[in-house]
Amino acid sequence: MKLPGPEEFEASTAHENVPPAELHSGFGPNASPDGPSDIDSRELVISEDPLLFIQLNELLGWPQALEWRETGRWVLFEEKLEVGAGRWSVPHVPTLTLPSLQNLRSLLAEGLVLLDCPAQSLLELVEQVIRVEVLSPEVRGQLQALLLQRPQHHIQPSATRPCWGSTHLQNTSHDEDVPLKGQNPLKQRLPPGAEAAAVLAGQLGFLAQPLGAFVRLQNPVVLGPLTEVALPSRFFCLLLGPPTTGRCSYHEMGRAAAVLLSDPQFQGSVRRASDLQDFLAALDAFLEEMTVLPPGRWDPTVRIPPPKCPPFQHKRYLELPSHPREVKGRAGRRHPRGPPELQRSGRLFGGLVQDVHRKAPWYLSDFLDALHPQCFSAVLYIYLATVTNAITFGGLLGDATEGAQGVLESFLGTAVAGAAFCLMAGQPLTILSSTGPVLVFERLLFSFSRDYSLDYLPFRLWVGIWVATFCLVLVATEASLLVRYFTRFTEEGFCALISLIFIYDALGKMLTLARAYPIQRPGSPAYGCFCQYPSPRAYSAIHIPMPGSLSIQNLGLVNVSLLPLPECVQQGGHPRGPGCHTIPDVALFSFLLFLSSFLSAMALKRVKSSHLFPSMVRKVFSDFSSVLAILLGCGLDAYLGLATPKLLVPKEFKPTLPGRGWLVSPFGTNPWWLSVAAALPALLLSILVFMDQQITAVILNREEYRLRKGAGFHLDLFCVAMLMLLTSALGLPWYVSATVISLAHMDSLRRESRACVPGEAPHFLGIREQRLTGLAVFTLTGVSVFLAPVLKFIPMPVLYGIFLYMGVAALNSIQFMKRVQLMLMPAKHQPDLLLLRHVPLGRVHLFTAIQLACLGLLWIIKSTPAAIIFPLMLLGLVGVRKALEWVFSPQELLWLDELIPEEEGSTPEKELEPEHLFSGSDSEDSELKYQPKTPEINISVN
1 MKLPGPEEFE
11 ASTAHENVPP
21 AELHSGFGPN
31 ASPDGPSDID
41 SRELVISEDP
51 LLFIQLNELL
61 GWPQALEWRE
71 TGRWVLFEEK
81 LEVGAGRWSV
91 PHVPTLTLPS
101 LQNLRSLLAE
111 GLVLLDCPAQ
121 SLLELVEQVI
131 RVEVLSPEVR
141 GQLQALLLQR
151 PQHHIQPSAT
161 RPCWGSTHLQ
171 NTSHDEDVPL
181 KGQNPLKQRL
191 PPGAEAAAVL
201 AGQLGFLAQP
211 LGAFVRLQNP
221 VVLGPLTEVA
231 LPSRFFCLLL
241 GPPTTGRCSY
251 HEMGRAAAVL
261 LSDPQFQGSV
271 RRASDLQDFL
281 AALDAFLEEM
291 TVLPPGRWDP
301 TVRIPPPKCP
311 PFQHKRYLEL
321 PSHPREVKGR
331 AGRRHPRGPP
341 ELQRSGRLFG
351 GLVQDVHRKA
361 PWYLSDFLDA
371 LHPQCFSAVL
381 YIYLATVTNA
391 ITFGGLLGDA
401 TEGAQGVLES
411 FLGTAVAGAA
421 FCLMAGQPLT
431 ILSSTGPVLV
441 FERLLFSFSR
451 DYSLDYLPFR
461 LWVGIWVATF
471 CLVLVATEAS
481 LLVRYFTRFT
491 EEGFCALISL
501 IFIYDALGKM
511 LTLARAYPIQ
521 RPGSPAYGCF
531 CQYPSPRAYS
541 AIHIPMPGSL
551 SIQNLGLVNV
561 SLLPLPECVQ
571 QGGHPRGPGC
581 HTIPDVALFS
591 FLLFLSSFLS
601 AMALKRVKSS
611 HLFPSMVRKV
621 FSDFSSVLAI
631 LLGCGLDAYL
641 GLATPKLLVP
651 KEFKPTLPGR
661 GWLVSPFGTN
671 PWWLSVAAAL
681 PALLLSILVF
691 MDQQITAVIL
701 NREEYRLRKG
711 AGFHLDLFCV
721 AMLMLLTSAL
731 GLPWYVSATV
741 ISLAHMDSLR
751 RESRACVPGE
761 APHFLGIREQ
771 RLTGLAVFTL
781 TGVSVFLAPV
791 LKFIPMPVLY
801 GIFLYMGVAA
811 LNSIQFMKRV
821 QLMLMPAKHQ
831 PDLLLLRHVP
841 LGRVHLFTAI
851 QLACLGLLWI
861 IKSTPAAIIF
871 PLMLLGLVGV
881 RKALEWVFSP
891 QELLWLDELI
901 PEEEGSTPEK
911 ELEPEHLFSG
921 SDSEDSELKY
931 QPKTPEINIS
941 VN
């Protein structure tokens, strides 16, 4: 048995956002007419050929009653008619016998091949096909009557809705007796402009020798009831002959012809063939790509499921000279100049001007593209995450600054800075927030001010002014171009650090809650509550019934198990004891809420890839997974009615620090020279802001997210500098891009293709790029002060569970964590990763160990008084990555990380052959440089 070509595919940056239907069709960017679609403009379509529906009609009933029956069909994959069950099989990769292909080639090489046949109807086509010398007039008449006989189709009812925004039949002329009473469900799943191909195969006793014919119609024509779907037919193949015995039947030859036509490269070659030699050359090229499965080593009854990646053979297309643009597009990642956003202009503020010119044409669409229900889900999800983050960091900031700043400043700063950034930034999908590294610096700055009796807020104001100045200098000199040196090594280290901060904060908050609401156990110090009466006269008349006939009188202290707390107060007593005002079940139930929200969000996100429920229901569950998890936790909490800690929202709009106004005094009680001395800590903070902001920007703008509107590194840094000045003047927290929440925002806006064609799996199309969701999130954050009556019902453990979910999802989805798992996994259980085929396992572990050591060092420095040098350590990651070039070869770094730009041009070409970098095959002679280009961060990121 053989498979039609290797099934190892990968989508490149040039066309990976094109649905399979469009890979084989030339409908362009507007194939979906239903508004803002999941199918947007494409940079490149490899084949402009329409999608082809192939149907196999088999002649059955010889010698009694001959009839044509539909027994198979192909769009992307094969579907067999299961006669006993009366249904179509699941789509699967077809397998063929070698004799069927060999006999098919021999039959067509000696038979009739008509290219650009001018037939306009089935009758004209049949007359052209039977016009061969070997047939007698009598046989021709019998054969014509047989070929014009209506075939029996199997149309399976379905409630499938149209996938392409159109339920109308094509405007083509066809006979009134088309065998479809209504709209075929399969027709609704095919894109506009699709064509059909009919393969007729069978045994005929009155034929003395085999008859083979292949016809390509000059203009596609609806051939009456020949196919179950009323589509204009482009190809017609006839395979008939006398009854035979043996493994290679005409049924298998018909399947072989249908599989040939379903192959994109063969189909494209046949569409452009000019004679028989071109046709046979295309068939031979298909045979050269076959993969042999040895007999006895596999079960022929097992159907091979379709591959998860779009069925596109890169190596085969790269060998075609007609697609140089695609090869250039794939090689673009190796180009040392990088994307246009990271090319030097040579002028002061030149990069900023280029960013503005690049983003201005998209500004209106940034609002119109948000008119989609998915954006509503994203707003709810990110709003709750942002509010939780504002409360968490506001509380931490209040503790760190001893009340100089607090939750209200956190709310106001998040709303003002975030909304302004969404309106002006080059990458509006970025979510600004307080971050762990910046919070560490704020704590150190306050400690310094307190130790030296300085006025904190004025000193902080001058630090912010200097930071804004330094950032403007970085924008003017186009320092953002340095992000070209932020490879995956640096990005993964920073992303892992931020994810661990989220996980640590979520677990730390729950442990703090457990200490505030301890679990009550007999014998514990916090157990017990007693009712105390002021005088003997007050309790001497108290009679408390006891179990049985016992009673207690004249007790100064009565155990609350004998006297309920309300009754104690009613009788004039006073509850005394550590357990009087604690609820034993709060801590345990809070942990249950915490875990239930975390697990619910994880489970609901995975519903999308399950086989339960219709696809639209699964999509709703997945898109609203975090919102549903929060609502589930709120409902459970309300049902039990326990006094769990709830979301605290400020009720008054005034600064946390008593006696100060909203504008910070420039000097206060500080000496004037402190405004100059503030430049030193500002320099360190500028490095931290630059690294924090730009590493997040690089992660968000990676090419696997397929952003169409470009990045704006210089414009984003300029906006952060201006907002740094504003927040410093108002005494609000400092804000930079929040990595985890920004990735969650992007993931909540990810677009996927609709699984329309049988066997087609939904695949990633890109991100719904717009400004409205972020603007709505920060607007709601600002008005949250007035939504306290509603928000106060949300339990904090539920929000902590969502925090944990975001951190775990981000941490588990980066390649770094996959390599950490390899270190703990026996070799026999390790997955067959491509990098393990090219890099020794020991070298992989060494690279991972270095990353772990860097991550551990960053965490230790962040948690100690040495945190003042934390910004320099982040910058040191780039130096460590540069030093790794002395330890690992360029080829190893290609698989483990990426090449630093200046090294790309000096890498020997023999080590970086294009066919090894960009071809999509798991075989030894053709493998991928990267895994399939889909986003690695899967938060809320499916």
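Per the UniProt record's numbering, the sequence shown starts with residue 1, numbered consecutively.
Every residue gets a Cβ at the ideal spot worked out from N, C-alpha and C, and that includes glycine.
| Asked | Found |
| --- | --- |
| For THR386, which residues in the same chain have their Cβ closer than 8 angstroms to its Cβ, ignoring the five residues on either side in sequence? | THR414, GLY418, ILE431, SER433, ILE741, VAL777, PHE778 and THR781 |
| Roughly how many angstroms lie between the CA atoms of GLN343 and GLN694, to the nearest whole one? | 16 angstroms |
| For ARG443, which of helix, strand or coil comes out of DSSP? | helix |
| If you follow the beta strand (DSSP E) that LYS828 is in, where does it begin and where does it stop? | LYS828 -> no beta strand (DSSP E), and no H or E assigned at all. |
| Using the Cα positions of GLN102 and SER121, report the straight-line distance between them to the nearest angstrom. | 31 angstroms |
| Please classify LYS308 as buried or exposed, where buried requires at least 16 neighbouring CB atoms within 10 angstroms. | exposed |
| Tell me which residue opens and which closes the alpha helix (DSSP H) that GLU892 is part of. | 890-896 |
| What is the DSSP secondary structure of PRO264, counted as helix, strand or coil? | helix |
| For GLY508 versus PRO733, is the C-beta spacing smaller than 9 angstroms? | no |
| If THR696 sits next to THR739, beta carbons under 8 angstroms apart, how far is it from one beta carbon to the other, in whole angstroms? | 5 angstroms |
| How big is the Cα-Cα spacing for HIS838 and GLU288? | 26 angstroms |
| Alpha carbon to alpha carbon, what distance is there between PHE266 and THR388? | 56 angstroms |
| Express the C-alpha separation of GLU67 and PHE236 in angstroms, rounding to a whole number. | 18 angstroms |
| Can you have a look at GLN374 and say buried or exposed, based on whether 16 or more other CB atoms are within 10 angstroms of its CB? | buried |
| Quick one: what does DSSP say VAL199 is sitting in, helix, strand or coil? | strand |
| Once DSSP output is grouped into helix, strand and coil, what is the label at ASN701? | coil |
| Rounded to whole angstroms, what's the CA-CA distance from THR727 to SER410? Just pull it up for me. | 10 angstroms |
| Taking the C-alpha atoms as reference points, what is the distance between TYR456 and GLY731? | 10 angstroms |
| How should PRO340 be labelled, buried or exposed, when 16 other C-beta atoms within 10 angstroms of its C-beta is the threshold for buried? | exposed |
| With DSSP as the reference, label ARG297 as helix, strand or coil. | coil |
| With C-beta atoms as the reference, is PHE598 less than 9 angstroms away from ILE802? | yes |
| Would you report the Cα separation of GLU10 and HIS763, rounded to the nearest angstrom? | Residue confidence is low: GLU10 scores 34 on pLDDT, short of 50, so the model does not pin down where it sits. Its coordinate-derived value is still stated next. Each residue's alpha carbon lies about 11 angstroms from the other. |
| ILE501: which of VAL93, ASN57 and GLY807 sits nearest, CA to CA? | GLY807 |
| Could you pull out every unbroken alpha helix (DSSP H) segment of at least 4 residues lying fully inside the region 217-285, listed in chain order? | 250-262 and 264-272 |
| What is the residue span of the beta strand (DSSP E) that GLY493 lies within? | Where GLY493 is concerned, there is no enclosing beta strand (DSSP E), although the alpha helix (DSSP H) it sits in stretches over 488-516. |
| Please check the pair ASP366 and ARG771, which I expect to be a contact at CB under 8 angstroms, by giving their CB distance rounded to whole angstroms. | 4 angstroms |
| Check whether the Cβ atoms of ARG69 and GLU82 sit closer than 9 angstroms, and answer yes or no. | no |
| Looking only at DSSP bridge pairs, what is ARG69 linked to? | GLU58 and GLN152 |
| May I have the straight-line CA-CA distance separating LEU125 from LEU114, to the nearest angstrom? | 10 angstroms |
| Distance check for PRO225 and LEU263, CA to CA, integer angstroms please. | Sequence inspection shows Asp at residue 263; the Leu mentioned does not correspond to that position. Looking at the two C-alpha atoms, the distance is approximately 25 angstroms. |
| Can you say whether SER784 is buried or exposed, counting buried as having 16 or more other CB atoms within 10 angstroms of its CB? | buried |
| CB-CB under 7 angstroms to ALA729, same chain, minus the five flanking residues each way: which ones, in chain order? | LEU461, LEU663 and VAL664 |
| For the beta strand (DSSP E) containing VAL113, list its first residue and its last residue. | 112-117 |
| Rounded to the nearest angstrom, what separates GLY193 and THR227 at their Cα positions? | 16 angstroms |
| Quick one: grab the DSSP three-state call for LEU707. | coil |
| Can the beta-carbon of LEU833 be found less than 9 angstroms from the beta-carbon of LYS818? | yes |
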